[in-house]
Amino acid sequence: MSEIADAASGAAQEAGSTPPAADETPWRRLDRRMLVVGPFSLLVRVVPVVVVLLLSGQGDPIRVWIAAGAAVAAVVAGVLRWRTTRYRITPERVELHSGWLNRQRRSVPRDRIRTVDLTAKLLHRVFGLSVVRVSAATAGVQAGGGLSLDAVSKAEAERLRRELLEHSPATADRTDDSAAGAPPTQELARLRWAWLRYAPLTFSSIAGMGAIAATAFNLLDDLGLDPRDIRAVDDTAARLAAAPVLIAVAVVALALLALLVVGALLLFAERWYAYRLTREPDGTLRVRRGLLTRRSLSVAERRLRGAEVVEPVLLRLGRGAQARAVSTGLAGDPQGGALQPPAPRAESHRVASAALRVPPEQITQASLRRHPRAALTRRVVRAVGPALVLAAAAFGVGDLLDLGWLGPLALALVPVAALLGWDRYRSLGHQLTGGFLVARSGSLVRRTVALQRGGVIGWTFRQTLFQRRAGLVSLEAVTAAGRGGYTVLDLGARDAVDLADATVPDLLTAFRAPLPAAAGAEHPPGDLPAQRAGRRAQERLHHG
Amino acid sequence: MPQPGAPPLVPGQTRVMDPGAAAAPLTRPADPDLSPPLRPPAHQVSPVAVRWWQLRSLLLLAVLLVPQVAGALVFGFPVAGWLVATIAATAAVVGAWAVLVPPLLFRIHRWEVTDEAVYTLSGWLVREWRIAPISRVQTVDTAHGPLQQALGLASVTVTTASARGPVKIAGLAAADATELARMLTETTQATPGDAT
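Protein chains in written order, with my numbering: chain A, 2 to 545; chain B, 768 to 963.
Pasting the structure below:
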């Protein structure tokens, strides 16, 4: 593949395609200020390398030249990028052309636009710029289902956001029921600083801390600094080494914990400062947040297919949760469509209900049906089995390496695993409400999802060998939104079919097995469990 | 609603599209309380698919055996005992699989297309019933792998707007696959909306 040839063919294409694309819509460039910001943000990325080069070289002229070359290259690249990037919004499509040697053309049909995300990093903010990311649902859901404009002025970004979400052709039918004069922006939620207490309980912030620590360490390493060169650090290390093991471990653990907590608080503040969830007059839900990097995520309400309340185990122990939107076009969102920071559980349910305009008892707080006892057995076996295998392996290894404590330690995992299995069973539940299919599962991360019945675009019934023995079925509701499919784990076989049949009427009916003659008339979908149990008992009588 | 007794054909289609439809009906699961009360889809895949699955297993066998045999040759004689054991075990397990499992798969794999939905049943250890409404179908692809081409087979993949939704019917006779894809495409083009 030769890039030059690509460029040439790209140019040829361009020449050839000018007449048909003689749209009157003019092409627009990114904001002029990108001529400064672009090279700058590239430079910031190479700063550590340059610093190392300069520091370690002690004025070696070649190194200075390399550093200068890097700077010039960054400037040239930034200018080229600005020169070669053009975008326009025609009545049907959003088009983006970019690149010089490796020319790229992106085009997104406007009726496929699902979300518009505005992000402004610190540097962008200083210059009053904002990155516009448009994500779209395309057939097959490839990675390239969207495009991003990096960057345009704040005002232009805001205008684009409104234009892309408001005037996408599919909105036309929707505007009249929200008519009567566009309703004013309605605030659904805003940050309460008391929620900071949930910050240390989220895994993502712990992971974030890990990443920051790793970066810091790398940077120190790049700069040729050994932390032990600093006297205070060295002294502390020496004192710890001299102290009894248990105390040393405790001190280090405490220090790490303190660091984690502080870091988590800072990250929470950076991510969620000035958080607001609003319903805009144009029928979008908008999440605005961020301290240094400002973000604004807009989800068209008509693309919303449901909501999810997520409770990672630590957060659940602290009675916290987080509500997320289940919407098409959110697959690439790093926050998974979060509608709020980690917050009290009741607040999560409230936000989910406010976003969907449905009372919480109809969605994530619906009273759920239990799953059969066989599901408990399966959960416990699946949790304890691996723990037992691990314990056996630990005993083996302990024997080989003469580490007598390894086996018993691993054995202690077994009751924990059993508890986990039991909790996973307790989490299982499902319910069909007026407009939603509600399902809950998981222990380490418990998820309660409420999926619009109209958003279900297919079903998968899955049965492993063991599930077949136990009469259990995992029912996956396939949807275009969110993760693409939401599984109701370990239902009774008959309940699974009843549930699917009742959720989307008529789709399944043709495929149902004819009932045993004894049961008589057509099986009414969504009947009460008690009735069904009674009928099943009756069937058994007839069979026996 | 189409009656289970007279399985509905592909919409607009008058002939039975696959030779398997006349084959013996799938044996009913022993206990109706243990498996989901869905009737099996009407049509079986092409009987040639058995040969296809067997050839695939043999290819897998070759892929697994070649490095081991090469290893044995490189290390020279006498061949280490454990290597003989793994070679024998691989040959036995995969060979038995190649002989025994494909006929089972043929009995399990079934498909059906009605005016409303695409319905498939597949899988031996993990059984999967998949249903996709015709109104939500976005693309229909036919694929012929090299092995499939040699045997005159093809697969049809029906994609919906979901990342987890594709319904795949593998091992159809090539002509049937083309016909099925053509009709599905026609039907879905007639359906308005972006199917999300």
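For glycine and all other residues, C-beta sits at the position ideal for the given N, C-alpha and C.
- With a threshold of 8 Å between beta carbons, Ile898 of chain B makes contact with chain A.
- Across the set B:Val893, B:Gly919, B:Leu918, B:Val907, the C-alpha of B:Val893 shows the shortest separation from the C-alpha of Leu466 of chain A.
- For the pair Arg87 of chain A and Arg33 of chain A, the CB atoms are not nearer than the 8 Å cut-off.
- Here Trp196 of chain A has Pro342, Pro343, Ala344 as same chain residues with Cβ atoms under 7 Å from its own Cβ, once five neighbours each way along the sequence are excluded.
- Nearest to Leu305 of chain A by C-alpha distance, out of A:Glu281, A:Val53, A:Leu357, is A:Leu357.
- Out of A:Arg495, A:Ser444, A:Phe437, the CA that lies nearest to the CA of Leu805 of chain B is found in A:Arg495.
- One alpha carbon belongs to Ile898 of chain B, the other to Ala940 of chain B, and they sit about 22 Å apart.
- Taking a Cβ-Cβ threshold of 8 Å, the residues of chain B close to Gly485 of chain A are Ser929, Ala930, Arg931, Gly932, in chain order.
- If you keep only unbroken beta strand (DSSP E) runs of at least 3 residues inside the region 82–115 of chain A, you get 87–90, 94–99, 105–110.
- One Cα belongs to His876 of chain B, the other to Arg134 of chain A, and the distance between them is close to 43 Å.
- With fewer than 16 other Cβ atoms inside 10 Å of its own Cβ, Thr26 of chain A counts as exposed.
- Among the residues of the region 445–466 of chain A, those with a Cβ less than 7 Å away from any Cβ of chain B are Ile458, Gly459, Trp460, Thr461, Phe462, Arg463, Gln464, Thr465, Leu466, in the order of the chain.
- Considered as a whole, the region 298–377 of chain A harbours 314–318, 346–357 as its complete alpha helix (DSSP H) runs of no fewer than 4 residues, in chain order.
- Residue pairing from DSSP places Leu278 of chain A in a beta bridge opposite A:Ala190, A:Val288.
- One Cα belongs to Ser349 of chain A, the other to Thr488 of chain A, and the distance between them is close to 21 Å.
- Taking 4 residues as the shortest admissible run, the region 839–909 of chain B contains the following complete alpha helix (DSSP H) segments, listed from N- to C-terminal end: 848–875.
- Annotation for Val812 of chain B: no alpha helix (DSSP H) segment contains it, and DSSP assigns it neither H nor E.
- Chain-order list of chain A residues neighbouring Val893 of chain B: Arg463, Gln464, Thr465, Leu466, Gln468, by C-beta distance under 9 Å.
- Within chain B, the residues Glu883, Ala884, Ile898, Pro900 have their CB atoms less than 7 Å from the CB of Leu508 of chain A, given in chain order.
- Val904 of chain B and Val479 of chain A have their C-alpha atoms some 12 Å from each other.
- Under DSSP, Tyr487 of chain A shares a beta bridge with A:Ala478.
- The beta-carbon separation of Val352 of chain A and Leu278 of chain A, rounded to 7 Å, stays under the 8 Å limit for a contact.
- The region 259–269 of chain A and the region 78–96 of chain A do not touch, with fewer than three beta-carbon pairs separated by less than 8 Å.
- Ala156 of chain A and Leu268 of chain A have their C-alpha atoms spaced approximately 28 Å apart.
- With contacts defined by Cβ atoms closer than 8 Å, Leu166 of chain A and Val109 of chain A do not form a contacting pair.
- The residue from B:Trp819, B:Val812, B:Thr857 with its alpha-carbon nearest to that of Gln916 of chain B is B:Trp819.
- For Ser802 of chain B, the chain A residues whose Cβ falls inside 7 Å of its Cβ are Gln464, Arg469, Ala494, in order along the chain.
- The C-beta of Glu953 of chain B has fewer than 16 other C-beta atoms within 10 Å across all chains shown, which makes the residue exposed.
- Where Trp273 of chain A is concerned, the enclosing alpha helix (DSSP H) starts and stops at 246–273.
- The beta carbon of Leu293 of chain A is closer than 7 Å to those of Leu123, Glu271 in its chain, skipping five residues each way along the sequence.
- The distance from the Cβ of Thr365 of chain A to that of Ala440 of chain A is about 10 Å, inconsistent with a contact at the 8 Å cut-off.
- Contacts with chain A at 8 Å (Cβ-Cβ) include Arg806 of chain B.
- Between His431 of chain A and Leu500 of chain A, the C-beta gap is smaller than 8 Å, which places the two residues in contact.
- With respect to the 8 Å criterion, Ala482 of chain A and Gly422 of chain A are not classified as neighbours on the basis of their beta carbons.
- Less than 8 Å separates the beta-carbon of Pro40 of chain A from that of Ala75 of chain A.
- Chain-order list of chain A residues neighbouring Arg874 of chain B: empty, with the shortest C-beta distance near 15 Å, by a criterion of under 8 Å.
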